[in-house]
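Below: one structure, written as structure tokens.
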Amino acid sequence: MILSLEASSVTVAYPNGHTALRDATFKLGAGTIAALVGINGSGKSTLFKALMGFVKPVKGQIHIAGLSVEQARKQKLVAYVPQSEEVDWTFPVSVWDVVMMGRYGHMNFLRIPSAEDKRVVSESLERVGMKEYQERQIGELSGGQKKRVFLARALAQSGQIILLDEPFTGVDVTTEEAIIALLRTLRDEGRIILVSTHNLGSVPEFCDQVVLVNRTVLASGPLEEVFTEQNLRQAFGGALRQFHFEHSTIQDHDGKTVKLLTDDERPLVFGKDGHLEYKDRSGREDLVNKRKEEVGE
Amino acid sequence: MNLLTPLEYDYMLKAILVSGLIGAVCAFLSCFITLKGWSLMGDALSHAVVPGVSLAWLAGLPFSLGAFIAGVIAAITMGWLKRKSGLREDAVIGIVFTSWFALGLLLLSLFPSHLNLKTIILGNILAISDPDILQVVVIAGISILVLALKWRDLLLYCFDEAHARSLGMNTSFLHFLLLALLSATAVAALQTVGACLVVAMLVTPGATAYLLTDRFGRMLGMATAIGAGCSVLGAYLSYFINGSTGGCIVVLQTLVFLLALVFAPKHGLLASRRIRRLAASNLA
Ligand SMILES: Nc1ncnc2c1ncn2[C@@H]1O[C@H](COP(=O)(O)OP(=O)(O)OP(=O)(O)O)[C@@H](O)[C@H]1O
Ligand SMILES: [Mg+2]
Chain S
2 MILSLEASSV TVAYPNGHTA LRDATFKLGA GTIAALVGIN GSGKSTLFKA
52 LMGFVKPVKG QIHIAGLSVE QARKQKLVAY VPQSEEVDWT FPVSVWDVVM
102 MGRYGHMNFL RIPSAEDKRV VSESLERVGM KEYQERQIGE LSGGQKKRVF
152 LARALAQSGQ IILLDEPFTG VDVTTEEAII ALLRTLRDEG RIILVSTHNL
202 GSVPEFCDQV VLVNRTVLAS GPLEEVFTEQ NLRQAFGGAL RQFHFEHSTI
252 QDHDGKTVKL LTDDERPLVF GKDGHLEYKD RSGREDLVNK RKEEVGE
Chain Y
5 MNLLTPLEYD YMLKAILVSG LIGAVCAFLS CFITLKGWSL MGDALSHAVV
55 PGVSLAWLAG LPFSLGAFIA GVIAAITMGW LKRKSGLRED AVIGIVFTSW
105 FALGLLLLSL FPSHLNLKTI ILGNILAISD PDILQVVVIA GISILVLALK
155 WRDLLLYCFD EAHARSLGMN TSFLHFLLLA LLSATAVAAL QTVGACLVVA
205 MLVTPGATAY LLTDRFGRML GMATAIGAGC SVLGAYLSYF INGSTGGCIV
255 VLQTLVFLLA LVFAPKHGLL ASRRIRRLAA SNLA
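Chains S and Y, in that order, are what the protein sequence lines are.
Start counting the first sequence at 2; every next residue gets the next number (our numbering).
Start counting the second sequence at 5; every next residue gets the next number (our numbering).
And the structure:
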């Protein structure tokens, strides 16, 4: 089996007649973190629901590792963390119980956890840093902690494809970084991770593919090719704030240093000819060298 | 007065054992009913089974079969009406349950069956016949078996339906299973406490256990113990006070609930006051 996630001409209409996605086509291969980016109502959550089989496309096909959505579900390939959990927070279940629910697919008819199930649950809780809360009733957590528990549940499912609908909203910077580190290790294990986010600045930090949507897939592919100023303008229309630095403010004698302050989200910074500026240059030495060659330094 | 006197009578012994069994099944199910917010549904189904009793008698079938089918049809009608009319659930339940109950009253007044109207509405476990005991035991046995095998799936369905679906579980089947179990237990409880009080057996033990624990597994155990205990004790006590068995059982369950409400270790009224005061004094 070769892991892949493929949508071709997927069109989704809701019962009220609204066509949320039209002819959406993209493909992701194994070992990738892909960002799903678009404005509110552009159809990101709808795309996730279609990938999960919660809404049936009126047209087009979805193939997961070459299988249909239904078959992929039977093979336990896909784990999904929705944008907001529609669960009853007063339910008498603990954090541990909730994460254990991710293992149901691996259990027998009676759903009695095996030693392996317990090990995976424990490990998943540790990976999201929620191990010490495992005895808490699920409603007795903060919003960000709840998000982490449901992320742990998705991990416990051991799915090869992980769909995360806005995992970073309402999550502090430390947690965001912890989740990003976690996603990187999952990618290195060869999984496919599709993350929707409004946090444009963090996309270049951890994603290697981008799917831009606005009621269809506008562009998809490697970050450097797709995540361009022009494509983003097209995806967001006038809905992006921007702040243009004039050349004069970036002087050679300042070491070309610019300081950018922002209250919550990481800013997305493009260089003059529209190339992405990375905050973290380690691991991107090739890019730095390429730039050097370009200017003949 | 000899405390063992009730046990010397065959009919008392049967009443006590059957009540205990029904109390246990209803209590087990009550955990799901209270958490799913189906208390009103329980009340509705316990009334909606009544026309089935009469029709089964006319057709020469066991009363419980007719009652069960009537309950399931009523539940399906409610689901259908809710989808088609867009009315709120409580309005739909109100319409369907009263019309089914009215139909039952009408049928029973026109064609008297072996269970008279008073027994069906108020229950009379002391006069239960052996064939009826058999029916109740079979229903209770099947319900317990299904619940014991499937409670984890039902729990996930009640807690997070979307996740259950994403794991490939058949959620419409689980929904129907829960409704069917609710109808079946309502039928079983009919002769013990009567249609009017069935809902107490299907809600109170679960609500009591909910106050006592934060773990679903323990909640199931506690609710079942409370339900069975109160039913056995209630039936036994009714001999001495010479009162209605159903009334005795439900009053006992309510007393236990009130005790839990006040004294429960974490969610009780006293405990939450104490915990908050403690937290405040720690700050100071
Ligand atoms: N259940 C529904 N019924 C009808 N229309 C819907 C439904 N859910 C979403 N829509 C519509 O479909 C469109 C896409 O919605 P979707 O939730 O996929 O957006 P999104 O990209 O996830 O937005 P956000 O960034 O706000 O989460 C929107 O115009 C929305 O109004
Ligand atoms: Mg969304």
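Ideal Cβ positions, reconstructed from N, Cα and C, are used throughout, including at glycine.
Keep in mind that this is a model prediction, so the values were computed, not measured.
Taking 8 Å as the threshold (beta carbon to beta carbon), is residue i in contact with chain Y?
i, result
"Met102/S", "yes"
"Tyr15/S", "no"
"Met2/S", "no"
"Gln299/S", "An answer regarding residue 299/S cannot be provided, because it is not within the stretch 2 to 298 covered by chain S."
"Phe49/S", "no"
"Tyr81/S", "yes"
"Met53/S", "yes"
Is residue i helix, strand or coil when you go by DSSP?
i, result
"Ile63/S", "strand"
"Ser221/S", "strand"
"Asp1/S", "An answer regarding residue 1/S cannot be provided, because it is not within the stretch 2 to 298 covered by chain S."
"Tyr81/S", "strand"
"Val56/S", "coil"
"Arg222/Y", "helix"
"Arg23/S", "strand"
"Phe138/S", "Correcting the residue identity first, residue 138/S is Gln in this sequence and not Phe. Strand at Gln138/S."
"Gly98/Y", "helix"
"Lys28/S", "strand"
"Ile34/S", "strand"
"Phe228/S", "coil"
"Gln210/S", "strand"
"Glu71/S", "helix"
"Asp164/Y", "coil"
"Phe177/Y", "helix"
"Phe267/Y", "helix"
"Ser34/Y", "helix"
"Ala14/S", "strand"
"Ile132/Y", "coil"
"Ser276/Y", "helix"
"Ser115/S", "coil"
"Ser242/Y", "helix"
"Leu85/Y", "helix"
"Gly65/Y", "Note that residue 65/Y is Leu in the sequence shown here, rather than Gly. Of the three classes helix, strand and coil, the one that applies to Leu65/Y here is coil, per DSSP."
"Ile193/S", "strand"
"Ile162/S", "strand"
"Ala8/S", "strand"
"Val100/S", "helix"
"Glu177/S", "helix"
"Val53/Y", "coil"
"Ser147/Y", "helix"
"Ser117/Y", "coil"
"Val94/S", "coil"
Can you check whether the C-beta of residue i is within less than 8 Å of a C-beta belonging to chain S?
i, result
"Thr217/Y", "yes"
"Phe220/Y", "yes"
"Leu185/Y", "no"
"Leu39/Y", "yes"
"Met223/Y", "yes"
"Tyr15/Y", "no"
"Tyr214/Y", "yes"
For the segment 56-69 of chain S against the segment 117-135 of chain S, are there 3 or more C-beta pairs whose distance is under 8 Å?
Contact between the segment 56-69 of chain S and the segment 117-135 of chain S is absent, because fewer than three Cβ pairs lie under 8 Å.
task: Taking only beta carbons into account, state which residues of the segment 87-119 of chain S come closer than 9 Å to chain Y, listed in chain order.
output: Listed by position along the chain: Glu87, Val88, Asp89, Thr91, Phe92, Pro93, Val94, Ser95, Asp98, Val99, Met102, Gly103, Tyr105, Gly106, Met108, Phe110, Leu111, Arg112 and Ile113.
For ligand 3, residues whose Cβ lies under 6 Å from any non-hydrogen atom
With respect to small molecules bound, the structure shown includes ligand 1 and ligand 2 and not ligand 3.
- prompt: Using a beta-carbon distance cut-off of less than 7 Å, what residues from the segment 141-163 of chain Y approach chain S?
  reply: From the segment 141-163 of chain Y, only Leu153, Arg156, Asp157, Leu160 and Phe163 have a Cβ closer than 7 Å to chain S.
Could you please tell me which residues of the segment 167-182 of chain Y, in chain order, have their CB closer than 9 Å to any CB of chain S? Here the close residues are His167, Ala168, Arg169, Ser170, Leu171, Gly172 and Met173.
Contact between the segment 143-157 of chain Y and the segment 48-60 of chain Y: three or more CB pairs below 8 Å? Segment contact: the segment 143-157 of chain Y against the segment 48-60 of chain Y, fewer than three CB-CB distances shorter than 8 Å; contact not assigned.
Determine which residues of the segment 64-78 of chain S have a Cβ less than 9 Å from any Cβ of chain Y, and write them out in chain order. Within the segment 64-78 of chain S, the residues whose Cβ lies closer than 9 Å to some Cβ of chain Y are Glu71, Arg74, Lys75 and Lys77, listed in chain order.
- Task: Output, in sequence order along the chain, the residues in the segment 194-210 of chain Y whose CB is closer than 8 Å to any CB in chain S.
- Result: Flagged: no residues at all.
### Query
Are the segment 99-111 of chain Y and the segment 161-173 of chain Y touching by the rule of at least three beta carbon pairs closer than 8 Å?
Here the segment 99-111 of chain Y does not lie against the segment 161-173 of chain Y, with fewer than 3 beta-carbon pairs under 8 Å apart.
Tell me, please, whether the segment 65-76 of chain S touches the segment 129-145 of chain Y by the rule of three or more beta-carbon pairs shorter than 8 Å.
Short answer: they don't touch.
Below 8 Å, can you find three or more Cβ-Cβ pairs linking the segment 77-95 of chain Y to the segment 207-224 of chain Y?
-> Counting C-beta pairs closer than 8 Å gives fewer than three between the segment 77-95 of chain Y and the segment 207-224 of chain Y, which falls short of the contact rule.
The segment 252-268 of chain Y touching the segment 40-50 of chain Y, judged by at least three CB pairs closer than 8 Å:
The segment 252-268 of chain Y is not in contact with the segment 40-50 of chain Y.
* To do: Tell me, please, whether the segment 56-71 of chain Y touches the segment 238-256 of chain Y by the rule of three or more beta-carbon pairs shorter than 8 Å.
  => Too few Cβ pairs lie closer than 8 Å, so no.
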